[in-house]
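J.:
In my numbering, the protein residues as written are 3 to 189.
1) Consult DSSP for residue 165 and reduce its assignment to one of helix, strand or coil.
2) Have a look at 57, 50, 63 and flag the residue whose alpha-carbon is nearest the alpha-carbon of residue 6.
3) Taking the continuous beta strand (DSSP E) assigned at residue 180, which residues delimit it?
4) If distances are taken between C-alpha atoms only, which option among 90, 138, 150, 177 comes closest to residue 190?
5) So, helix, strand or coil for residue 108, using DSSP?
6) Look at the alpha carbon of residue 61 and the alpha carbon of residue 171, and state the distance between them as a whole number of angstroms.
7) Sort 84, 96, 109 by Cα distance to residue 153 and report the nearest one.
8) If I measure Cβ to Cβ from residue 84 and keep anything under 6 Å in the same chain, skipping five residues before and after, which residues do I get?
9) Under the assumption that residue 117 contacts residue 145 (Cβ atoms under 8 Å), give the Cβ distance between them as a whole number of angstroms.
10) The beta strand (DSSP E) with residue 130 in it runs from where to where?
11) Given a threshold of 16 other Cβ atoms within 10 Å of its Cβ, counted over all protein chains shown, does residue 142 qualify as buried or as exposed?
12) Quick check: the Cα distance between residue 168 and residue 86, rounded to an integer number of angstroms?
13) Alpha carbon to alpha carbon, what distance is there between residue 100 and residue 76?
14) So, for residue 131: in the same chain, excluding its five sequence neighbours on each side, which residues have a beta-carbon less than 6 Å away from its beta-carbon?
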């Protein structure tokens, strides 16, 4: 995958697929610097089939803020945050992004958030078919959660062996225009 230790990294279109890291960030690990994900001329980026063998963030592991517009993050695996794992960073947009079929052997099959996550625009976001052995099959939240705005946010078909098939949160949050259904958990 990609490890960014410093500097500016920009990605527009293409695929980051079939990578494996022994620790964090199977597809992308952003330690410092910046990451800009652009959608140019309908060039969507996909982050698929990556694995963090003994760590977090199978698709993306970030220690800095970023925006993830109009992309797919699917079929990734990690201990926590099968698709995306955030440290104490701010995710400013997930507009048009789909998290699907990601797996966590711990918590947060699709997304594990420790920072601030905002999805406040008009575009859609979907979290579907993700699995966690622990809590939060679709989304595990320990930070600030703001899923407001007019765009539809869909959480369907996610499963957790523990609690919160779709969403598990320890801090509450704002959920507007969300569809939550077809998800299962122990509680």
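Cβ atoms here follow ideal geometry from the backbone N, Cα and C, with glycine treated the same way.
T.: Judging by the given coordinates:
1) DSSP places residue 165 in coil when its eight states are reduced to three.
2) Relative to the Cα of residue 6, the nearest Cα in the group 57, 50, 63 belongs to 63.
3) Element bounds for residue 180: 180 to 183.
4) This structure cannot settle anything about residue 190, because the visible part of the chain is limited to 3 through 189.
5) In the structure shown, residue 108 sits in coil (DSSP, three-state: anything other than H, G, I, E or B).
6) Separation of residue 61 and residue 171 (C-alpha to C-alpha, rounded to the nearest whole angstrom) is 21 Å.
7) Per the Cα distances, 96.
8) Closer than 6 Å at the Cβ level, and outside the excluded window around residue 84, lie 60, 78, 104, 105, 106, 111.
9) The pair is a contact, with the Cβ atoms about 5 Å apart (cut-off 8 Å).
10) According to the DSSP assignment, residue 130 belongs to the beta strand (DSSP E) that extends over 127 to 130.
11) Counting Cβ neighbours within 10 Å, residue 142 comes out buried, since at least 16 surround it.
12) Straight-line measurement puts the Cα of residue 86 at about 15 Å from the Cα of residue 168.
13) Distance from the CA of residue 76 to the CA of residue 100, rounded to the nearest whole angstrom, comes to 8 Å.
14) Excluding sequence neighbours, residue 131 sits near 102, 103, 159.
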